[in-house]
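Data first, discussion second: the structure below is written as structure tokens.
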Amino acid sequence: MSTTETTASGVGPVEGAPVYTVDNPAPLIEAPRKRTKKSPKSTRGNFELAAWLFMRLSGIVLVILVIGHLLIQLVLDGGVSKIGFAFVAGRWASPWWQVWDLLMLWLAMLHGANGLRTVINDYAERASSRMWLKALLYTATVWTILLGTLVIFTFDPNIR
Amino acid sequence: MATPVLDKEEAAGKPEPGFADSPYITVTFRVRRFNPEVSAEATWEDFQLELDPKERVLDGLHKIKWDLDGSLTFRRSCAHGICGSDAMRINGKNRLACKTLIKDINPEKPITVEPIKGLTVLKDLVVDMEPFFQAYRDVMPFLITKDTNEPTRERLQSAEDRERFDDTTKCILCAACTSSCPVFWNDGQYFGPAAIVNAHRFIFDSRDEAGEQRLEILNDRDGVWRCRTTFNCTDACPRGIEVTKAIQEVKRALITRRY
């Protein structure tokens with residue numbers, strides 16, 4: 038006959054004395070995923086659709102913008118050693134590079150923030166931690182975008 | 012060659028003595044046990060079994076329940092891969108115990124058997140399927156037509172139109188896909204692959220007229236947009252449904268509103 042190996046088991050024999058009795062009932066496990074009155078209201082709308090589409094489209098545009106940016110800054114024409122105040126000032130004199138950098142800033146920040154938003158939604162378990170993490174994320178995003186935009190448009194090459 | 016003699020031991024799965032080319036091997040089943048009436052903690056328990064490698068994991072579980080420990084609790088109904096009752100996590104992967112052969116999952120090492128993840132365990136391998144079925148009901152998995160009169164003839168459909176949703180008609184609601192989805196593990200409010208597959212089955216059915224309504228339901232914050240295309244569901248499906256592809260088709264239909 039086959040033998041049974043019971044590892045250090047909390048599951049005793051059923052016929053043995055159970056931990057819980059009628060007077061001391063086992064704790065009721067509430068199904069954590071039950072849709073009760075407390076579970077979030079259905080949120081139909083096109084926001085998630087738009088966010089999903091934005092991730093795909095901005096990703097494609099960012100590939101071009103970022104690879105172009107890296108080539109210009111780090112590879113072509115002397116590489117990273119050429120970068121200095123004069124180089125930046127020279128590029129931002131042209132509206133083309135201003136728009137390029139502005140687009141890159143906005144798309145990268147929104148793309149990254151949206152990605153982190155989904156990560157928070159996926160991994161943060163409590164509603165309050167979700168709320169705080171997202172509040173921090175949105176504050177940082179808005180602050181960075183505003184500051185960057187301000188610099189691109191108000192950059193003064195004669196600052197020195 | 013001696014005629015094999017059937018005795019009690021053989022009925023219990025032990026090879027006959029002196030039968031050299033016996034197919035039976037010793038397999039260790041490591042089963043996740045949980046009994047809320049005894050302990051709040053789940054524990055692993057090992058069982059040694061004599062099994063033919065051509066037998067299924069379900070046969071091993073039967074042997075445990077019938078011969079070794081009657082308190083082992085699991086669901087199974089048809090035992091032939093159709094009813095979808097015995098989805099469980101075998102060696103860390105969601106499978107149907109009745110469709111998994113011992114020889115296919117390396118019997119050299121202990122075979123771990125756990126309940127499917129993301130749903131509340133009630134006892135041993137039995138989980139509360141209610142949240143899963145709630146999501147299923149939410150997508151209205153039945154034919155809806157605008158015609159309020161009783162139909163006077165069959166609802167005809169071309170072979171091509173039938174082919175459009177053929178893959179998703181195979182679902183047996185075993186929950187192997189939904190309980191393999193990491194998004195569902197962490198947030199059970201997500202509809203889950205199975206509900207989307209069953210919505211897909213009607214959205215792309217030319218006879219059905221509530222596709223728009225179902226798409227709206229799945230446009231929810233916890234609808235198809237929470238899918239991260241990790242393909243766990245496609246890997247887990249014991250029916251071989253291309254689950255991620257179906258979800259992707261629903262996403263595309265939502266963007267183009269064409270289905």
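Chains A and B supply the protein sequences, listed in that same order.
Using the working numbering, the letters of the first sequence map in sequence onto residues 38 to 197.
Using the working numbering, the letters of the second sequence map in sequence onto residues 12 to 270.
The beta carbon of each residue, even a glycine, is placed where N, CA and C say it ideally should be.
A quick note: this is a predicted structure, and the numbers were derived from the prediction, not measured.
Check	Outcome
Beta-carbon proximity list for residue 221 of chain B, same chain, < 6 Å, skipping 5 on both sides	155
C-beta atoms of residue 143 of chain B and residue 130 of chain B nearer than 8 Å	yes
Contacting residues, own chain, Cβ-Cβ under 6 Å from residue 196 of chain B (five flanking each side not counted)	128, 129
8 Å Cβ cutoff met for residue 282 of chain B and residue 182 of chain B	Coverage of chain B is limited to positions 12 through 270, which leaves residue 282 of chain B absent and any answer about it impossible.
Extent of the continuous alpha helix (DSSP H) run through residue 135 of chain A	132-160
DSSP state of residue 20 of chain B mapped onto helix, strand, coil	Confidence at residue 20 of chain B is low in this model, with a pLDDT of 49, below 50, so the placement of that residue is unreliable and no value is reported for it.
Any chain A beta carbon closer than 8 Å to residue 267 of chain B	no
Contact set for residue 98 of chain A: own chain, Cβ-Cβ below 8 Å, skip 5 residues either direction	140, 144
Contact set between residue 209 of chain B and chain A, taken where Cβ atoms lie within less than 9 Å	Ordered by position in chain A, no residue passes the 9 Å Cβ test against residue 209 of chain B, which lies about 17 Å from the chain.
Contact set for residue 135 of chain A: own chain, Cβ-Cβ below 7 Å, skip 5 residues either direction	129, 189
Contained alpha helix (DSSP H) runs [length at least 4] in the region 76-139 of chain B, N- to C-terminal order	none
Beta-bridge pairing of residue 59 of chain B - partner residues as DSSP gives them	B:39
Contact list for the region 137-154 of chain A against chain B, Cβ threshold 9 Å	none
Buried versus exposed, by CB contacts within 10 Å (16 or more), residue 89 of chain A	buried
First and last residue of the uninterrupted alpha helix (DSSP H) at residue 260 of chain B	254-267
Helix, strand or coil at residue 44 of chain B according to DSSP, with G and I counted as helix	strand
contact_flag[the region 156-166 of chain B, the region 217-233 of chain B] where n(CB pairs < 8 Å) is 3 or more	yes
Chain-ordered chain A contacts of residue 67 of chain B [CB-CB under 8 Å]	Ordered by position in chain A, no residue passes the 8 Å Cβ test against residue 67 of chain B, which lies about 17 Å from the chain.
Close beta carbons around residue 58 of chain A, own chain, < 6 Å, minus the five adjacent residues each side	none
Presumed contact (8 Å Cβ cut-off) between residue 120 of chain B and residue 65 of chain B, rounded CB distance	18 Å between Cβ atoms; not a contact.
Per-residue burial, residue 153 of chain B [other beta carbons within 10 Å of its own, 16 or more giving buried]	exposed
Residue 250 of chain B, DSSP secondary structure in three states	coil
Through-space distance from residue 177 of chain A to residue 250 of chain B, alpha-carbon basis	46 Å
Under 7 Å by beta carbon: chain A residues contacting residue 77 of chain B	Near residue 77 of chain B there are no residues of chain A at all, since even the closest Cβ is about 12 Å away, more than 7 Å.
Proximal chain B residues relative to residue 56 of chain A, where beta-carbon distance stays under 7 Å	49, 50
Residues from the region 216-239 of chain B in contact with chain A, defined by Cβ distance under 7 Å	227, 230, 231, 232, 236
Nearest-angstrom Cβ-Cβ length linking residue 239 of chain B and residue 194 of chain B, presumed shorter than 8 Å	6 Å
DSSP state of residue 58 of chain A mapped onto helix, strand, coil	coil
Closest Cα partner of residue 72 of chain B within the set B:237, B:225, B:110	B:110
Residue range of the unbroken alpha helix (DSSP H) whose run includes residue 198 of chain B	Neither: residue 198 of chain B is in no alpha helix (DSSP H) and is coded neither H nor E.
Collapsed DSSP secondary structure at residue 12 of chain B in the structure displayed	Annotation note: pLDDT 49 at residue 12 of chain B (below 50); position unreliable, coordinate value reported separately. In this structure, residue 12 of chain B counts as coil in the three-state DSSP scheme.
Residues of the region 127-152 of chain B with Cβ closer than 7 Å to any Cβ of chain A, in chain order	131, 139, 141, 142, 145
C-alpha distance - residue 138 of chain B paired with residue 132 of chain B, whole-angstrom precision	4 Å
Own chain, CB closer than 7 Å to residue 181 of chain A, minus 5 neighbours either side, in chain order	146
First through last residue of the alpha helix (DSSP H) which encompasses residue 146 of chain B	141-149
Proximity below 8 Å, CB of residue 137 of chain A to CB of residue 102 of chain A	yes
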